[in-house]
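Scroll down for the structure; my scribbles are underneath it.
Protein chains in written order, with my numbering: chain X, 5 to 270; chain A, 2 to 119.
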């Protein structure tokens, strides 16, 4: 739709711009949410940095896992292909991000940081609650970035948009496609509002992360059927994201009653 | 002694912030920009936190914080294009991966892939 623009002769990707806006908005909202728990803004910033570092690593690793066959094949024939291609192979295989990888990575980052930071240890569940509220908010901007950039596009449809001359994702060009990115963005906005309401009313306190894992995977599982970019790995007729959706949903279904029982214990 | 250490953090944060602002313009050097920006941000936050705890203000820590944020933002914007959101062109790569006989073509395919990623 509008993948990039030029400033001083440099191409600026709209996805990057939306990512930055998403992070900024999330930090602003997060800095308001932490007031309830009396968490220091600098501690919150450091926790978020830990989460973002972990998020980036895991999202790239999961992306790399979708190219595992290419990696294995390259290393099996490294003598014929040449070591000089290693950087290009790694750049291609790990040069992308997967949302679920980032979500899981961010959660792990928070758990690790709060484990080793004494002042934040008591706020672990609070931070996870805030993380659950902020994740769909960030995803709202991320999916708009996808729409503008022309990636993660929908199936061919009479309803939708036709993109021309997209050089970053040529596959999207000249076909009328369902704007699944905007649909997912709207769904994420609704999830954010719901979780924010639960947070404000202290409903299901310390368990919002599981609520998110019960709602978003269902949305993602359905929206995946309307995705037109059939290059995200398919196993037994389901995409990688759908398998991860099932895994997260089942995990949350098991963990939610366990956590509730733990909280009821004196 | 304690205050010197905190000032050291602020100086280090400022240096990393400047490095992030410089690196972000250098193509794939933006990766170094992101790393410098994150390190600068952490050091500047730690410095600011320590100065706030003793009721003082530190212009150097604030400058480091701002430069780190600016460098980090610019690096992210420069580096991320939407193409990295999905596996653009991975269908071709998977085909290569599934057909070991196409080894001679892998090199040229990877060249195409790398140019599309750039």
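Cβ coordinates follow ideal geometry from the N, Cα and C atoms, glycine included. Keep in mind it's a predicted model, so treat the numbers as computed, not measured.
Leaving aside the five residues that flank residue 224(X) on each side, the residues in its chain whose CB is nearer than 7 Å to its CB run, in chain order, 245 and 249. Residue environment: residue 9(A) is assigned as exposed (fewer than 16 neighbouring CB atoms within 10 Å of its CB, all protein chains considered). In the structure shown, the three-state DSSP call for residue 9(X) is strand. Partner residues in the beta bridge of residue 160(X), as assigned by DSSP, are 181(X).
In this structure, residue 264(X) sits near residue 211(X), with a CB-CB distance shorter than 8 Å.
Taking a Cβ-Cβ threshold of 9 Å, the residues of chain X close to residue 49(A) are 46, in chain order.
The beta carbon of residue 242(X) does not come within 8 Å of any beta carbon belonging to chain A, so the residue lies off that interface. Against chain X, a Cβ distance below 7 Å from residue 39(A) picks out 53 and 57. Using a Cβ distance threshold of 8 Å, residue 199(X) and residue 184(X) do not count as a contacting pair. In this structure the region 157-175 of chain X does not touch the region 101-115 of chain X; the number of beta carbon pairs closer than 8 Å is below three. In this structure, DSSP gives residue 167(X) an extended state, which the three-state scheme calls strand.
Taken atom to atom, the span from the alpha-carbon of residue 34(X) to that of residue 134(X) is near 7 Å. Around the beta-carbon of residue 51(A), 16 or more other beta-carbon atoms lie within 10 Å, marking it buried. The beta-carbon of residue 68(A) is placed no less than 8 Å from the nearest beta-carbon of chain X. With distances taken between CA atoms, residue 22(X) lies nearest to 7(X) out of 187(X), 253(X), 228(X) and 7(X). The DSSP-derived three-state label of residue 38(X) is helix. Between residue 167(X) and residue 154(X), the gap from beta carbon to beta carbon is short of 8 Å. Taking the CA atoms as reference points, residue 228(X) sits about 45 Å from residue 49(A).
When secondary structure is reduced to three states using DSSP, residue 211(X) falls in the coil class, being assigned neither helix nor strand. Per the coordinates, the alpha-carbon of residue 53(X) lies some 14 Å from the alpha-carbon of residue 132(X). Segment contact: the region 60-71 of chain X against the region 38-47 of chain X, fewer than three CB-CB distances shorter than 8 Å; contact not assigned. Rounded to the nearest whole angstrom, the C-alpha separation of residue 255(X) and residue 261(X) is 11 Å. In the three-state reduction of the DSSP assignment, residue 101(X) falls in the coil class. The region 11-26 of chain X makes contact with the region 65-79 of chain A; the number of CB pairs closer than 8 Å reaches 3 or more.
Nearest C-alpha to residue 75(A) among 14(A), 11(A) and 39(A): 39(A). At the C-beta level, residue 65(X) and residue 97(X) stay beyond 8 Å of one another. Within the region 29-53 of chain A, not a single complete alpha helix (DSSP H) segment reaches 4 residues in length.
Note that the region 112-131 of chain X does not touch the region 83-101 of chain X; fewer than 3 beta-carbon pairs, one per stretch, sit closer than 8 Å. Cα atoms of residue 90(X) and residue 62(X): separation of roughly 21 Å, rounded to the nearest angstrom.
Beta-bridge partners of residue 16(X) (DSSP): 9(X). Contact with chain A is absent for residue 43(X), since none of that chain's Cβ atoms lies less than 8 Å from the residue's Cβ. For the pair residue 144(X) and residue 186(X), the CB atoms are not nearer than the 8 Å cut-off. Of the other Cβ atoms in all chains shown, 16 or more fall within 10 Å of the Cβ of residue 49(X); this residue is therefore buried. In this model, residue 25(X) and residue 141(X) are separated by some 11 Å (Cα to Cα). With respect to chain A, the C-beta atom of residue 50(X) has a partner C-beta closer than 8 Å.
Closest in C-alpha terms to residue 253(X), from the list 270(X), 28(X), 226(X) and 221(X), comes 221(X).
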